[in-house]
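Accompanying notes for the structure given below.
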Amino acid sequence: MTTGTSRAAAKERTRAALLDIGFALAETTGLDSLSVNAITGAAGVAKGTFFHHFGDRTAYLVQLHRRFHDRILADVQRAVAGLPSGRERLAAISATYLDACLNQRGVRALILEARALVPIQDEITRRNEATVTLLTTDFIALGWPAPAVAARLWIGATVECALLELGLGHADLPARAALVDFASAPAH
Numbered sequence: 048m049t050t051g052t053s054r055a056a057a058k059e060r061t062r063a064a065l066l067d068i069g070f071a072l073a074e075t076t077g078l079d080s081l082s083v084n085a086i087t088g089a090a091g092v093a094k095g096t097f098f099h100h101f102g103d104r105t106a107y108l109v110q111l112h113r114r115f116h117d118r119i120l121a122d123v124q125r126a127v128a129g130l131p132s133g134r135e136r137l138a139a140i141s142a143t144y145l146d147a148c149l150n151q152r153g154v155r156a157l158i159l160e161a162r163a164l165v166p167i168q169d170e171i172t173r174r175n176e177a178t179v180t181l182l183t184t185d186f187i188a189l190g191w192p193a194p195a196v197a198a199r200l201w202i203g204a205t206v207e208c209a210l211l212e213l214g215l216g217h218a219d220l221p222a223r224a225a226l227v228d229f230a231s232a233p234a235h
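In terms of my numbering, the sequence shown is residues 48 to 235.
Given below as structure tokens:
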């Protein structure tokens, strides 16, 4: 007899497997080809299973986006553990983020294609606000007069660097160096 706990665990495994399939498919397909049929076919599950877990394709893409960035956040937290607020910490954050984007190029490209979807835009806004809060202490430590504004601009510059690297297919060391230079204390 299946218990409620084992059913819940099986449900979570199926949901995770569907997201894993999305990550794998994203390496070879664009947003238009990442259909419910492609996902369920690759996962070997019925469409009803997909809709039970995600409701619709857009909700699935939001969850892919969230999982991608949650993994990066976990990597960032490990990379900055014990570092004081400031330039070195910002350098570690940007390097970790950029490396993650390069290591999962297909997902990054897919997420960029999905930016036109309002729920993805809402997710980006939510995540950026949380990241501004996280980074503001770094810009305070560097002496920026408007640390939250500097944090917001730094996020934009980091994403732009990721886009440059996505096009190149490798790290853009001069762009990364400029990003770290931007994180220096402002001239007064």
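For every residue, glycine included, the Cβ atom is placed at its ideal position computed from N, Cα and C.
Practice problem: Give the straight-line distance between the Cα atoms of V109 and D67, rounded to the nearest whole angstrom. | Solution: For the purposes of this step, residue 109 is taken as the residue at position 62 of the sequence shown. For the purposes of this step, residue 67 is taken as the residue at position 20 of the sequence shown. Taking the straight line from one Cα to the other gives about 14 Å.
Quiz item: Going by alpha carbons, who is nearest to S141 out of R54, C208, A73 and A161?
Solution: Position 94 of the sequence shown holds residue 141. The alpha carbon of S141 has as its nearest neighbour, out of R54, C208, A73 and A161, the alpha carbon of C208.
Quiz item: Quick one: what does DSSP say P112 is sitting in, helix, strand or coil?
Solution: For the purposes of this step, residue 112 is identified with residue 65 of the sequence shown, where counting begins at 1. First, the residue type needs correcting, since residue 112 is His and not Pro in the sequence shown. Note: H112 maps to helix in three-state DSSP.
Practice problem: Might you give, ordered along the chain, the residues of its own chain that have their beta carbon closer than 6 Å to the beta carbon of A198, omitting 5 neighbours on each side? | Solution: As a position in the sequence shown, residue 198 is number 151, starting the count at 1. Listed in chain order, the non-local C-beta contacts of A198 below 6 Å within the same chain comprise V179, L182, T183 and F186, local neighbours out to five positions each way being set aside.
Practice problem: Please list, in chain order, all residues of the same chain as G77 whose beta carbon is under 8 Å from its beta carbon, the five residues on each side excluded. | Solution: Along the sequence shown, read from residue 1 onward, the residue named residue 77 stands at position 30. Contacts found: A156, L157 and E160.
Quiz item: For the alpha helix (DSSP H) that contains L136, what are its first and last residues?
Solution: Numbered from its first residue, the sequence shown carries residue 136 at position 89. The sequence shown places Arg at residue 136, not Leu. Its alpha helix (DSSP H) spans residues R134 to N150.
Practice problem: Could you tell me the distance, in whole angstroms, from the CA atom of H100 to the CA atom of L111? | Solution: Residue 100 sits at position 53 when you count from the first residue of the sequence shown. Residue 111 sits at position 64 when you count from the first residue of the sequence shown. Taking the straight line from one Cα to the other gives about 13 Å.
Exercise. For A121, count neighbouring C-beta atoms within 10 Å of its own C-beta (all shown protein chains included) and say buried if the count is 16 or more, exposed if not.
Key: Here residue 121 corresponds to residue number 74 of the sequence shown, with the count starting at 1. Classification for A121: exposed.
Exercise. Take every Cβ of the stretch 79–97, pair it with every Cβ of the stretch 114–130, and state whether three or more of those distances are shorter than 8 Å.
Key: Because the criterion of three Cβ pairs below 8 Å is not met, the stretch 79–97 and the stretch 114–130 do not touch.
Quiz item: Using DSSP with H/G/I as helix, E/B as strand and the rest coil, what is D219?
Solution: Your numbering for residue 219 matches position 172 in the sequence shown. DSSP places D219 outside both helix and strand once states are collapsed to three, so it counts as coil.
Exercise. Return the CA-CA distance between G203 and S53, expressed in angstroms with no decimal places.
Key: Residue numbering aside, residue 203 sits at position 156 when the sequence shown is read from its first letter. Residue numbering aside, residue 53 sits at position 6 when the sequence shown is read from its first letter. Between G203 and S53, the C-alpha separation is close to 43 Å.
Quiz item: Nearest-angstrom Cα distance between A225 and A193?
Solution: For the purposes of this step, residue 225 is identified with residue 178 of the sequence shown, where counting begins at 1. For the purposes of this step, residue 193 is identified with residue 146 of the sequence shown, where counting begins at 1. A225 and A193: Cα-Cα distance of roughly 20 Å.
Practice problem: Helix, strand or coil for A177, going by three-state DSSP, please let me know. | Solution: Locating residue 177 in the sequence shown gives position 130, counting from the first residue. Three-state result, A177: helix.
Quiz item: How long is the line joining the alpha carbons of R134 and A230, rounded to whole angstroms?
Solution: The sequence position of residue 134 within the sequence shown is 87, counting from 1. The sequence position of residue 230 within the sequence shown is 183, counting from 1. In this structure, the straight-line span from the alpha carbon of R134 to that of A230 is close to 6 Å.
Quiz prompt | Reduced DSSP category for L201 - H, G, I as helix; E, B as strand; rest coil | solution = Indexing the sequence shown from 1 puts residue 201 at position 154. The residue asked about is misnamed: residue 201 is Trp in this sequence, not Leu. Assignment of W201 by DSSP, reduced to helix, strand and coil, places it in the helix class.
Quiz item: Quick one, which of A57, F70, Q124 and D117 has its alpha-carbon nearest T96's?
Solution: Here residue 96 corresponds to residue number 49 of the sequence shown, with the count starting at 1. That would be A57, whose Cα lies nearest to the Cα of T96.
Quiz prompt | Coarse secondary structure for D122, derived from DSSP in three states | solution = Counted from its first residue, the sequence shown places residue 122 at position 75. Residue state, collapsed to three classes: helix.
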